[in-house]
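Engineer: First to last, the protein sequences are chains A and B. This note's numbering puts the first residue of the first sequence at 1, with every later residue one more than the last. This note's numbering puts the first residue of the second sequence at 1001, with every later residue one more than the last. Yeah, the Cβ is synthetic: ideal placement off N, Cα and C, and Gly gets one too.
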Amino acid sequence: MSTINKSMTDNKKQPSSSDGPSRVDGRLKVTGAAKYSAEFAVKGLVYGVLVGSTITKGKIKSIDIKKAEHAPGVLAVITHFNSPKVPGYQVATDPGKPAVKGPVKVFNDDQILYNGQPVALVIADTFERALFAASLVNAQYIAEKHITNLKDNLGKAVATHDDTEYKRGIVDAYKSAPIIVEQEYMLPSEVHNPMELHALIARWDAADKITVWDKTQGVKDTQSNIAKLFHIPVENVQVHSKFVGGAFGSALQVWPHEVAAIIGAKVVKRPVKLVLGRADMFTSVGYRPLTWQKIGIGATAEGRLVGITHHAVGQTSTYEDFAEGPTDISRSLYACPNVNSSNKILGLDVGSPTWMRGPGDATGAFALESALDELSYKLNIDPIELRLKNYAETDPESGKPFSGKNLKDAYKLGAEGIGWKNRKQEAGSVTRDGWLLGYGMSGGVFGADREPATVKATMLADGTLVLQTAVSDIGPGTGTAMVAIASETMGIPAHQIRFDLGDSLYPNAPQQGGSTITSSVGSAVYMACRDLKEKFQQLIGNGGEDKPNYAKILKQHNLTQLQVVTDSKAGAEVDKYAMYSWSVHFVSVLVNPATGVVKLNKVVCVADSGRIISPKTARSQVIGGAVMGIGMALMEEAIFDDRYGRLINNNLADYHVPVSADIPQIEAIFVNKPDININPIGAKGMGEIALIGMAAAVANAVYNATGKRIRNLPITPDKLVDWTALT
Amino acid sequence: MKQFQYLRAATQQSTLDAISKPGTKIIAGGTNLIDLMKRGVTAPDKLVDITHLPLKNITPTKSGLHIGALALNSTVSENGIVVQKFPLLSMALKAGASPQLRNMATVGGNMMQRTRCSYFYDTTMPCNKREPGTGCGAMGGLNRMHAIFGTRDKCIAVHPSDMCVGLAALDATVIIAGKKGERRIPFTEFHRLPGEHPDVDNTLAKDEMIIGVDIPDNNFAKNSYYLKVRDRQSYAFALVSVAAGLDISNGTIRQARLAMGGVAHKPWRLFEAEKFLVGKAVSEDSFKQAAQIAMQGAKAYEYNAFKLKLAPATITEALKHASGLV
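1) Measuring alpha carbon to alpha carbon, tell me which residue in A:Ala594, A:Pro664, A:Val627, A:Glu69 is nearest A:Asp718.
2) For the ligand ADP, is there a heavy atom less than 8 Å away from the beta-carbon of A:Ile63?
3) For B:Lys1025, count neighbouring Cβ atoms within 10 angstroms of its own Cβ and tell me buried if that reaches 16, exposed if not.
4) List the endpoints of the continuous beta strand (DSSP E) containing A:Asp172.
5) Ends of the alpha helix (DSSP H) at B:Glu1272?
6) Based on Cα-Cα distance, which residue from B:Gly1029, B:Phe1149, B:Thr1124 lies nearest to B:Gly1108?
7) Go through the region 88-168 of chain A residue by residue and report every complete run of the alpha helix (DSSP H) that reaches 4 residues or more, in order.
8) Any C-beta of chain B within less than 9 Å: which residues of the region 130-141 of chain A qualify?
9) Using the DSSP secondary-structure output, state which residues sit across from B:Ala1243 in a beta bridge.
10) Which residue wins for smallest C-alpha separation from A:Arg288, given the options A:Lys61, A:Val191, A:Gln496?
11) Tell me, which residues are paired with A:Val212 by DSSP?
12) How would you call A:Met195, buried or exposed, if buried means at least 16 neighbouring beta carbons within 10 angstroms?
13) Is the CB of A:Ile553 under 9 Å away from at least one CB in chain B?
14) Determine the extent of the alpha helix (DSSP H) in which A:Ala371 is found, giving its start and end residues.
15) Using CA coordinates, which residue listed in A:Glu258, A:Asn138, A:Glu385, A:Met694 is at the minimum distance from A:Tyr411?
16) Could you confirm whether any beta carbon from chain B is found closer than 9 Å to the beta carbon of A:Lys59?
17) DSSP on A:Ser342, reduced to helix/strand/coil?
18) Sorted by chain position, which residues of the same chain lie with C-beta nearer than 6 Å to A:Lys456's C-beta, five sequence neighbours on each side aside?
19) Rounded to whole angstroms, what's the CA-CA distance from A:Val106 to A:Gly286? Just pull it up for me.
20) Contact criterion: CB-CB distance below 9 Å. Does A:Ala725 meet it with respect to chain B?
21) For B:Ser1323, which residues of its own chain have a beta-carbon under 7 Å away from its beta-carbon, when the five flanking residues on both sides are left out?
22) Does A:Tyr47 come out as helix, strand or coil in the three-state DSSP assignment?
23) I'd like the list of long-range same chain contacts for B:Ile1341, defined as Cβ closer than 6 Å, with 5 residues on each side in sequence excluded.
24) From the beta carbon of A:Ala661, is the nearest beta carbon of chain B less than 9 Å away?
25) Going by DSSP in three states, B:Leu1325 sits in which element: helix, strand or coil?
26) Quick one: which unbroken beta strand (DSSP E) runs of 3-plus residues sit fully inside the region 633-706 of chain A? Chain order, please.
27) Of all Cβ atoms in chain A, is any one closer than 9 Å to the Cβ of B:Gly1324?
28) Considering just the uninterrupted stretch of the beta strand (DSSP E) at A:Cys605, what are its terminal residues?
29) What is the DSSP secondary structure of A:Ile540, counted as helix, strand or coil?
30) Residues of the region 262-287 of chain A in Cβ contact with chain B at a cutoff of 8 Å, in chain order, please.
31) Quick check: the Cα distance between B:Pro1054 and A:Thr318, rounded to an integer number of angstroms?
32) Could you tell me whether the region 1167-1178 of chain B touches the region 1261-1281 of chain B, using the rule of 3 or more Cβ pairs below 8 Å?
33) Using the Cα positions of A:Asn5 and A:Thr489, report the straight-line distance between them to the nearest angstrom.
34) How big is the Cα-Cα spacing for A:Glu182 and A:Glu369?
35) How big is the Cα-Cα spacing for B:Gly1195 and B:Arg1152?
36) Would the region 1057-1073 of chain B and the region 1137-1149 of chain B be scored as touching if the rule is three or more Cβ pairs under 8 Å?
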């Protein structure tokens, strides 16, 4: 495996915000020139608004659509009574057998599976008229008893279909250890809430041909899913998604509202635009599942881990068995001889959860890293020292060597950054201006995958390099990183490179999820550029310059362009190595002893994710992850009133995400050592690890400040006020 | 949203004429009303836009300050006289909403805003305030944000304003115009407790409008503090907030003003605690005692019991800040 040239892998200098290229699409975004899915002025466009169920479980008895149909501007009101059937819906044909599990089949039958489920689509000539007519649709239901509470029904949880139980060494070995921590943790359901609402425009171009402008993290997946659902050839589905205003996992699948808009466009024979309202964003495009966890962890008096037992029960819907792997992190983060875990799910009468940034591991890290912190106090050992004592030099789960791991460097850099030496081991012992001051840290880990990707690289006559691949850029700066790789590899300035993405016409690329894009598509870009360069070398013969004048060469050879299409995928290295990215989060907090208010004082996040390709956007990604982690730790919680099975805070005033006033100085530090074993560019994923572990770091700092351990997120003032000075 | 007529009022009199007809509502900044209309909580036939009426003035009077009903929250919070003579009002305003909302919201509109109780906003749920007789969703539901003072079984919602807590503490007077002329009522009597009619937030008659508030001069400017405890540092409603104003002479409290937000259906003035503080020396002990007096009669529900601890702690902290102990 060849590696990228040395100047790019020099890790001596720490990247800073002023280093490296600026966001290639930054100007387009801040000037409003970047067009998002809902913003295309497609000719003949009409507007769809969904009507959601107001019961949680049961059947639709009737839907009166007359008033809505007669409202001004209304073109159609679609319900399961009149909707054309979606040919690709898998439905149970044998009434004796259980229903086929899978996404909600919109407008297919009278079943209500969750509150807010679409029961009608109103299409009108303007958005306002569609919205008004939607309020006139009158659905009557036969309600059945529902269950939306996880905590009261943990006993009904079932094993997930794969990878449920894990056992290494002796089961529950922690119980025999001299020092034990055994605790339960609750992580509330969190909602992605990207700034851009989910939206699409669907246009049928022929009976078997469709174009959609859609918010998606993977145009190819959306393309193939639509083709399957509507039984049309894949090549007859065109998906555009050039700009995505954040997604965090909510746009990794085709949701019922997308199918509804496509059905609607078919019915009215006009292109239909459908934009979800903010309230729908809480029920219609997934969320991080509410999860109960229990951890038992035991150590010797010297602080060597004896055993970890980790059980989890996550919420899912009754119609899909969605399962994260929150207990996975306990298998591999530390060198521990005995580990056993179980991962169960409980189907509730709610919409399905889905992947959300750091899926599984963000949930698991909160429990494991809180427990480890608690253990450090019981042992009276510095939390970093405890982690170093149990440092895994090889992967404890597979026994394989790591492709690259520099976690010790990360601990060191982070401890220096936050001023860890100022931390006092005794909790609740430091005050500053009447506030209690505490320090906390936590680790994070996420598998570093590399998916197959193909890049078409074309050198045009004017010396412009065009790279094309069907990846999405949901915000991390993918385009910027890809241009940086191409610029370095080809030896041409960034402004001569165009990176085309977000269109199903382009060659295959994976979904933007699971922190795989830089590794996967970045490698493909590098390899395509290398192939293209070689093709030029062949033209000019051996001994060419390092930075050839491509335009000149094309002209000399009477060529209008030179093109390669390069496939890239992982090789034998995946069997040889265990591959992960790591993070360490350090925070200092101030806690008001009277009111229980927690203020972040400083945050330092260190990423060990191989070589940093684009320092500016990498830094932004780490800051974004830290902010999300602060939200997870201190305020985010989707709250159901179980009596009604309905959310009471489905808006951004009541569902709190951090505001600028909540965010302290955040320092992003990169170990920045290339992982030479994973791919030719030495870069690994960073999107997930920026978040994973952050919530535990905050909770651990709150403990250090106050002596109060909060295991039930979020850490709102009411949870600390029980402890405050006045009690 | 139901279709509605929009009128722009040219005069106060034409506004009063318009609102005397049923189904008509005044709109100023609209920061709450528009949300309520979008959610179907209220569905007026006609909106009367009063933002062009000359009620934006902030003027010193013989004995204090007059603030017009249409003065913007942001303008009032930055006003030199307010900052200098009534800093408590400035602090309370700045603790509310977000800069964008404060740029739209008016003083009168702030007083007229409705509770943020989730059950009030969701038209599929029971709510005696929105639909009398349907029951109270919050009473047996998720009532973490709800009232601990002055509740009845019909409603445990809280008034969401910060500004009003400040004005209640500052002995403000509300000036109201109606067909029969003007009337003036103490600010603390403007909002009401739920009682048997939680659908009625205040004592403003349907054919009346707020034209302004008067704040009397006082000696609290040096020792004022507004402390708001909330789930995030900005753009969140109070779990508990306290407006504290002290008139201190040689370490002795001569006069005290205290009001709380986030605990009742109206800004909750703490008269008994104020009385207790008069003549006491500035000390954490007397503040704690005042806080205990203030808590008499408090009653918690399933999820808001923490307020029984948070409220007195916040009163004490606010008094410490106001008196310079912190």
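Structural biologist: Let me lay it out:
1) As a first step, residue 718 of chain A must be located in the first sequence, where it is residue number 718. Ranking the options by Cα distance to A:Asp718, first place goes to A:Ala594.
2) The model on display carries no ligand, and the ligand ADP is accordingly not part of it.
3) The residue given as residue 1025 of chain B occupies position 25 in the second sequence. Per the 10 Å Cβ criterion, buried.
4) Locating residue 172 of chain A in the first sequence gives position 172, counting from the first residue. Element bounds for A:Asp172: n/a, residue is neither H nor E.
5) As a first step, residue 1272 of chain B must be located in the second sequence, where it is residue number 272. It spans 1271-1277 - the alpha helix (DSSP H) in which B:Glu1272 sits, taken as one unbroken run.
6) Position 108 of the second sequence, counting from 1, holds the residue named residue 1108 of chain B. Looking at the Cα atoms, B:Gly1029 is the closest of the given residues.
7) 127-134
8) Leu131, Phe132, Ser135
9) Your numbering for residue 1243 of chain B matches position 243 in the second sequence. Looking at the DSSP assignment, B:Ala1243 forms a beta bridge with B:Tyr1226, B:Ala1259.
10) Start at 1 with the first residue of the first sequence, and residue 288 of chain A comes out as number 288. Here the closest residue by C-alpha is A:Val191.
11) Residue numbering aside, residue 212 of chain A sits at position 212 when the first sequence is read from its first letter. For A:Val212, which the question treats as bridged, DSSP gives the partners A:Ala202, A:Val239.
12) Within the first sequence, numbered from 1, the residue matching residue 195 of chain A stands at position 195. Exposed: under 16 other Cβ atoms inside 10 Å.
13) Here residue 553 of chain A is taken as the residue at index 553 of the first sequence, counted from 1. Output row for A:Ile553: interface = no.
14) For the purposes of this step, residue 371 of chain A is taken as the residue at position 371 of the first sequence. Taken as a continuous stretch (DSSP letters only), the alpha helix (DSSP H) holding A:Ala371 covers 361-379.
15) Here residue 411 of chain A refers to the residue found at position 411 of the first sequence. Closest option to A:Tyr411, Cα to Cα, is A:Glu385.
16) Here residue 59 of chain A refers to the residue found at position 59 of the first sequence. No - not a single Cβ of chain B is within 9 Å of the one on A:Lys59.
17) On the first sequence, position 342 is the one that residue 342 of chain A refers to. Correct three-state label for A:Ser342: strand.
18) Residue 456 of chain A sits at position 456 when you count from the first residue of the first sequence. Correct list, in chain order: Gln468, Pro507, Val565.
19) As a working mapping, residue 106 of chain A is identified with position 106 in the first sequence. As a working mapping, residue 286 of chain A is identified with position 286 in the first sequence. In a straight line, the C-alpha of A:Val106 is about 15 Å away from that of A:Gly286.
20) Walking along the first sequence from the start, residue 725 of chain A turns up at place 725. For A:Ala725, the predicted model reports a pLDDT of 48, less than 50, meaning its position is unreliable; a value from the coordinates is still stated below. Chain B contact via Cβ: present.
21) Mapped onto the second sequence, residue 1323 of chain B falls at position 323. Same-chain partners within the cutoff: Asn1223, Leu1246, Ile1248, Val1282.
22) Counting from one through the first sequence, the residue named residue 47 of chain A turns up at place 47. Looking at A:Tyr47 - three-state DSSP - the assignment turns out to be strand.
23) With chain B running from 1001 to 1326 in the structure shown, residue 1341 of chain B is simply not present.
24) One-based indexing of the first sequence puts residue 661 of chain A at position 661. Yes, its Cβ sits closer than 9 Å to a Cβ of chain B.
25) Indexing the second sequence from 1 puts residue 1325 of chain B at position 325. Note: B:Leu1325 maps to coil in three-state DSSP.
26) 665-670
27) Here residue 1324 of chain B refers to the residue found at position 324 of the second sequence. Not an interface residue.
28) Taking the first residue of the first sequence as position 1, residue 605 of chain A is located at position 605. Unbroken beta strand (DSSP E) run through A:Cys605: 598-608.
29) Here residue 540 of chain A corresponds to residue number 540 of the first sequence, with the count starting at 1. Helix, per DSSP.
30) none
31) Translated into positions along the second sequence, residue 1054 of chain B becomes position 54. Translated into positions along the first sequence, residue 318 of chain A becomes position 318. If you take the alpha carbons of B:Pro1054 and A:Thr318, they lie about 59 Å apart.
32) yes
33) Working through the first sequence from its first residue, we reach residue 5 of chain A at position 5. Working through the first sequence from its first residue, we reach residue 489 of chain A at position 489. Bear in mind that a pLDDT of 43 at A:Asn5, under 50, signals an unreliable position, so the number given afterwards is only what the model happens to contain. Between A:Asn5 and A:Thr489, the C-alpha separation is close to 8 Å.
34) On the first sequence, residue 182 of chain A is found 182 positions in, with the first residue counted as 1. On the first sequence, residue 369 of chain A is found 369 positions in, with the first residue counted as 1. Approximately 13 Å, taken between the alpha carbons.
35) Looking up residue 1195 of chain B in the second sequence gives position 195. Looking up residue 1152 of chain B in the second sequence gives position 152. So the two alpha carbons sit approximately 6 Å from each other.
36) no
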